[in-house]
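In what follows, a structure is listed as structure tokens, so that the remarks can point back to it.
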Amino acid sequence: MAATLLEVADLSVRFDTDDGPVHAVDRMSFGLEPGEVLGIVGESGCGKSVTCMSLVKLLPETAVVTGRVLFEGTDLLALSPRRLRQVRGRQISYVFQEPMTSLNPVFTVGHQIGEVLRRHLGLSRAAARTRTIELLQLVRISAPERRLNEYPHQLSGGMRQRVMIAMALACDPKVLVADEPTTALDVTIQAGILDLMRDIRERLGTAIVLITHNLGVVADVADRVVVMYAGRKAEEATTDDLFAHPQHPYTIGLLGAIPRPYEGEGTRERLREIPGRVPSLRELPTACAFAERCPRADARTRSEVPQVREVRPGHLVACFHPGEEGAA
Amino acid sequence: MSGEAVLEVVDLVKHFPAGGLFSRARTVVHAVDGVSLTLARGEMLGLVGESGSGKSTVANCILRLVEPTSGTIRLAGTDITHLSRRQLRPLRRQLHMVFQDPYSSLNPRMSVGDIVGEPLRLHGLARGRALGAEVERMFESVGLRAELRYRFPHELSGGQRQRVGLARSLILRPQVLVADEPVSALDVSVQASILNLLRDLQAELGFSCLFITHDLATVEFLCDRVAVMYLGQIVELASRPALFRDPQHPYTQALLSAALVPDPSLQRSRRRVVLDGDMPSPLAPPSGCRFHTRCPLHAESAPASDEEIPELREYAAGHLVACHLVSGGNPAPRLAGNAADIVPAETG
Chain A
361 MAATLLEVAD LSVRFDTDDG PVHAVDRMSF GLEPGEVLGI VGESGCGKSV
411 TCMSLVKLLP ETAVVTGRVL FEGTDLLALS PRRLRQVRGR QISYVFQEPM
461 TSLNPVFTVG HQIGEVLRRH LGLSRAAART RTIELLQLVR ISAPERRLNE
511 YPHQLSGGMR QRVMIAMALA CDPKVLVADE PTTALDVTIQ AGILDLMRDI
561 RERLGTAIVL ITHNLGVVAD VADRVVVMYA GRKAEEATTD DLFAHPQHPY
611 TIGLLGAIPR PYEGEGTRER LREIPGRVPS LRELPTACAF AERCPRADAR
661 TRSEVPQVRE VRPGHLVACF HPGEEGAA
Chain B
10 MSGEAVLEVV DLVKHFPAGG LFSRARTVVH AVDGVSLTLA RGEMLGLVGE
60 SGSGKSTVAN CILRLVEPTS GTIRLAGTDI THLSRRQLRP LRRQLHMVFQ
110 DPYSSLNPRM SVGDIVGEPL RLHGLARGRA LGAEVERMFE SVGLRAELRY
160 RFPHELSGGQ RQRVGLARSL ILRPQVLVAD EPVSALDVSV QASILNLLRD
210 LQAELGFSCL FITHDLATVE FLCDRVAVMY LGQIVELASR PALFRDPQHP
260 YTQALLSAAL VPDPSLQRSR RRVVLDGDMP SPLAPPSGCR FHTRCPLHAE
310 SAPASDEEIP ELREYAAGHL VACHLVSGGN PAPRLAGNAA DIVPAETG
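Protein chains in written order, with the numbering used here: chain A, 361 to 688; chain B, 10 to 357.
What follows is the structure, encoded as structure tokens:
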């Protein structure tokens, strides 16, 4: 644990809106080891993206961020804007869901990757070009010399996402935050991008925070998983442990809700439904956020916020009644 | 077969003119090129494909939301391909659609009760109290509380809106429901309830459904038969168990191998068939077999696959495949050494 690369402690994010505050993230904590792939899963509005955007203050002014984000021992939230800029993009870089909106349509791919290299690393034009070609090769784009001169609209969705990844890797960051990197892509293209992520981790040792709503993606590439619900951490475990022994009723519900392919003939079992809906983030309930939808809820669940505790080695759960289904 | 078929699509072609008003070149997008399928009474047929495969265009042609370039669409034996809007109107009762985005497909200025009742009103089938009662019954069928009738779409959650969309599509008890990615915009837990609901409603009302999706797992859950599309054509059509257990077309094999299984140890032990390159442009589809530019079995199928368009032929009873390497009883080579890489259930 000594070598924790990134440590997020008690991170809360509040947006002050005209209709009052919205508590998007409530006391999140997690750590990231060097070279690790951490999956953060949850449904829309659970705060997974906001959590990751707040790490290097990518959120708009209206966001009030509290807590600590220790990167190699330095609290990023306390850094001056100038010092933070040296971390952002250089040490911690981002890949977003929609590559078309993240790329500038009027500049060539080569220009955009080159700009990162010249800005952050002060490379000359020629050196930047050489390095850009290397980067495009790294993300397995064929004929990189030709691709350099192409504009984003000339590339396919999968290719654009590869360019985004190349750009994010330009400064050889220690942490890559990928926010739903394959959600907008087709299945066969998604497979290639996930292979690429695995490859990057293995070859460059980059630690990856992978934000997704897709448990299949997590099962494929993540070492460890954090499940978020309504701005809070519900469960955290190694990927194998989480899928084999889910403890939080929400996680159990989610795993039962996905149709599993290839189960053969006969009547297919009904999918598990999670009744009700996610609570409003306008006021933080002094209760378990999942209480209203939970089959295990009782008086305590409705009046007290469950703290995160370790129920098995390395397996953390925020629930008063954790345990696998049928076990309790 | 046609006696039982509620919906028949024969050799459907849709070409969109491309190139702007001012460009000289007359190019054509080959969105759909010769698609034939039948939908039997009470059947759920999955139409699977990636973006650009033409699956939504097929749906839009069936609904006559776009005019097909050629081909025939028969609804319960009646050729509806060339009917005028007015002639089509009485038949509209039999054919309804559910859209992907429940946000943009509901009129924001109508209460959801009015939205659900509107088809009845427009067809002059019910008014006043009878209309109200029918709307209420439909609300119950799709699992919405009756008091939500007076709400407006923006007051409902995504899942509730999709239930409203289903209620509106089914209130006339159509024979055919065309559902275009109805759960893709929803969260996993909400998706599950809509998929369950769709299955329950189908069992209760007995409609036939053309279910269009990119997600193999939902098809596996819901459909009786599956058609796989690639670049405007059907490459494989089979019963659900046959398609998932014995996929033939190299594209189907690749698609199945790329689908993620939510089970870490199983998922990580699988080997994916990675396809080269991207889907070619439908502006200039490849000659011969449209998949030949990316086919891992191209060495075996060339040169025939470069020149000749493979026909959709019977490989086994009810299992059609359009591949030069597959013919009656002769299966295609497996792309991955281990069958479980493509069809993982056999290991579990």
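Just so you know, even glycine gets a beta-carbon here, dropped at the ideal spot from N, CA and C.
Taking Cβ-Cβ distances below 8 Å as the criterion, which residues of the stretch 538-549 of chain A are in contact with chain B? Asp546, Val547, Thr548, Ile549
Quick one: using the 10 Å Cβ neighbour count with 16 as the cut-off for buried, is Pro673 of chain A buried or exposed? In the first sequence, the residue the question calls residue 673 of chain A occupies position 313. Answer is exposed; the Cβ neighbour count stays below 16.
State buried or exposed for Gln184 of chain B, treating a residue as buried only when at least 16 other CB atoms are found within 10 Å of its CB. Reading the second sequence from its first residue, position 175 is the one you call residue 184 of chain B. Buried is the call here.
According to DSSP, simplified to helix, strand and coil, what is Met288 of chain B? For this step, residue 288 of chain B is matched to residue 279 along the second sequence. Three-state DSSP puts Met288 of chain B in coil, outside helix and strand.
Identify every run of the beta strand (DSSP E) within the stretch 500-526 of chain A, keeping only runs that are complete inside it and at least 3 residues long; order them along the chain. none
Comparing alpha-carbon positions, which option in A:Leu536, A:Ala604, A:Arg584, A:Ala590 lies nearest Glu596 of chain A? Taking the first sequence and counting its residues from 1, one reaches residue 596 of chain A at position 236. When each option's Cα is compared against that of Glu596 of chain A, the closest is A:Arg584.
Assign Met361 of chain A to one of three DSSP states: helix, strand, or coil. Taking the first residue of the first sequence as 1, we reach residue 361 of chain A at position 1. Here the model assigns Met361 of chain A a pLDDT of 45, short of 50, so the residue's position is not dependable, and the following value carries that caveat. Reduced to three states, the DSSP call for Met361 of chain A is coil.
Going by C-alpha to C-alpha distance, which of B:His24, B:Arg95, B:Arg35, B:Thr87 sits closest to Asn69 of chain B? For the purposes of this step, residue 69 of chain B is identified with residue 60 of the second sequence, where counting begins at 1. Measuring from the Cα of Asn69 of chain B, the nearest candidate turns out to be B:His24.
Phe650 of chain A to Val401 of chain A span [Cα, whole Å]: Here residue 650 of chain A refers to the residue found at position 290 when the first sequence is read from its first residue. Here residue 401 of chain A refers to the residue found at position 41 when the first sequence is read from its first residue. So the two alpha carbons sit approximately 16 Å from each other.
So with CB distances below 7 Å, who are the chain A contacts of Ala201 of chain B? Numbered from 1 along the second sequence, position 192 holds the residue referred to as residue 201 of chain B. Under the 7 Å cutoff, chain A gives Ala617, Leu631, Arg632, Glu633.
Taking only runs of the alpha helix (DSSP H) that begin and end inside the stretch 237-296 of chain B, which ones reach a length of at least 4 residues, in chain order? 249-254, 259-267, 273-278
Of the residues that make up the stretch 576-588 of chain A, which ones have a beta carbon closer than 7 Å to any beta carbon in chain B? Gly576, Val577, Ala579, Asp580
Looking at the C-beta of Ser274 of chain B, does it have a partner C-beta in chain A at a distance below 8 Å? The sequence position of residue 274 of chain B within the second sequence is 265, counting from 1. Answer yes: the Cβ-Cβ gap between Ser274 of chain B and chain A drops below 8 Å somewhere.
Cβ pair Val373 of chain A, Ala438 of chain A closer than 8 Å: Here the question's residue 373 of chain A lines up with position 13 in the first sequence. Here the question's residue 438 of chain A lines up with position 78 in the first sequence. Going by C-beta atoms, Val373 of chain A is not nearer than 8 Å to Ala438 of chain A.
Closest by C-alpha distance to Ser1 of chain B, when choosing among B:Gln169, B:Phe253, B:Leu56: As displayed, chain B neither begins before 10 nor continues past 357, which places residue 1 of chain B out of reach and without an answer.
Contact set for Phe230 of chain B: own chain, Cβ-Cβ below 7 Å, skip 5 residues either direction: Here the question's residue 230 of chain B lines up with position 221 in the second sequence. Cβ within range, chain order: Leu204.
Quick check on the DSSP output: what are the complete alpha helix (DSSP H) runs of length 4 or more inside the stretch 581-609 of chain A, in order along the chain? 599-604
So, is the C-beta of His608 of chain A closer than 8 Å to a C-beta in chain B? Position 248 of the first sequence, counting from 1, holds the residue named residue 608 of chain A. No, its Cβ sits nowhere closer than 8 Å to a Cβ of chain B.
Tell me Thr572 of chain A's beta-bridge partners as DSSP assigns them. Position 212 of the first sequence, counted from the start, is the residue given in the question as residue 572 of chain A. Paired residue(s): A:Val401.
Residues of the stretch 401-424 of chain A whose Cβ lies closer than 8 Å to any Cβ of chain B, in chain order: Glu403, Ser404
Within chain A, the residues that Arg281 of chain B reaches when beta carbons sit closer than 8 Å: Residue mapping note: residue 281 of chain B aligns to position 272 of the second sequence, counting from 1. Ala551, Asp555, listed in chain order.
Which residues mark the beginning and the end of the alpha helix (DSSP H) in which Met147 of chain B is found? Your numbering for residue 147 of chain B matches position 138 in the second sequence. Looking at the DSSP string, the run of the alpha helix (DSSP H) that includes Met147 of chain B is 137-150.
Between Gly357 of chain B and the rest of its own chain, which residues show a CB-CB distance below 7 Å, the 5 nearest in sequence each way excluded? For the purposes of this step, residue 357 of chain B is taken as residue 348 along the second sequence, with counting starting at 1. Because the pLDDT of Gly357 of chain B is 34, which lies under 50, any placement of that residue in the model is unreliable, and the number read from its coordinates should be weighed accordingly. Counting only Cβ-Cβ distances below 7 Å, and skipping sequence neighbours, we find Leu275.
Val382 of chain A: buried (16+ other C-beta within 10 angstroms of its C-beta) or exposed? The residue labelled residue 382 of chain A in the question sits at position 22 within the first sequence. That one is buried.
Could you tell me which chain B residues have their CB closer than 8 Å to the CB of His573 of chain A, listed as they occur along the chain? If you number the first sequence from 1, residue 573 of chain A lands on position 213. Result: Asp196, Val197.
Sequence-distant residues of the same chain with beta carbon closer than 7 Å to Gln257 of chain B, five excluded per side: For this step, residue 257 of chain B is matched to residue 248 along the second sequence. So the qualifying residues of the chain are Glu245, Tyr324, Val330, Cys332, Val335, Pro340, Ala341.
Measure from the C-beta of Thr47 of chain B to each C-beta in chain A and report whether the shortest distance is under 8 Å. In the second sequence, the residue the question calls residue 47 of chain B occupies position 38. Closer than 8 Å: no.
Provide the residue(s) that pair with Ala651 of chain A in DSSP beta bridges, ordered along the chain. Numbered from its first residue, the first sequence carries residue 651 of chain A at position 291. In DSSP, Ala651 of chain A forms no bridge with anything.
Are there 16 or more other CB atoms within 10 angstroms of the CB of Met10 of chain B, so buried, or fewer, so exposed? In the second sequence, the residue the question calls residue 10 of chain B occupies position 1. For Met10 of chain B, the predicted model reports a pLDDT of 43, less than 50, meaning its position is unreliable and no value from the coordinates is stated.
Considering just the uninterrupted stretch of the beta strand (DSSP E) at Pro682 of chain A, what are its terminal residues? Translated into the one-based positions of the first sequence, residue 682 of chain A becomes position 322. Looking at the DSSP string, Pro682 of chain A is not in any beta strand (DSSP E), and its letter there is neither H nor E.
Assigned secondary structure, Gly357 of chain B (DSSP; H/G/I helix, E/B strand, else coil): Locating residue 357 of chain B in the second sequence gives position 348, where the first residue counts as 1. Residue confidence for Gly357 of chain B is low, a pLDDT of 34 falling below 50, so the modelled location carries little weight; the figure read from the coordinates is stated next. Coil at Gly357 of chain B, not helix or strand.
Completely contained alpha helix (DSSP H) runs for the stretch 361-390 of chain A, where each covers 4 or more residues: none
What does DSSP give as the partner residue(s) for Arg669 of chain A in the beta ladder? Counting from 1 along the first sequence, the entry for residue 669 of chain A is found at position 309. A:Val677, per the DSSP bridge assignment.
Of all the options B:Ala85, B:Pro250, B:Ala139, which has the alpha carbon lying nearest to the alpha carbon of Ala326 of chain B? Stepping through the second sequence from its first residue, residue 326 of chain B is reached at position 317. Residue B:Pro250 is the option with its Cα nearest to Ala326 of chain B.
Per DSSP, Lys23 of chain B forms a beta bridge with which residues? Counted from its first residue, the second sequence places residue 23 of chain B at position 14. Answer by DSSP bridge pairing, in chain order: B:Val41.
Put Ala530 of chain A into one of helix, strand or coil per three-state DSSP. Here residue 530 of chain A refers to the residue found at position 170 of the first sequence. The answer is coil: DSSP assigns Ala530 of chain A none of H, G, I, E or B.
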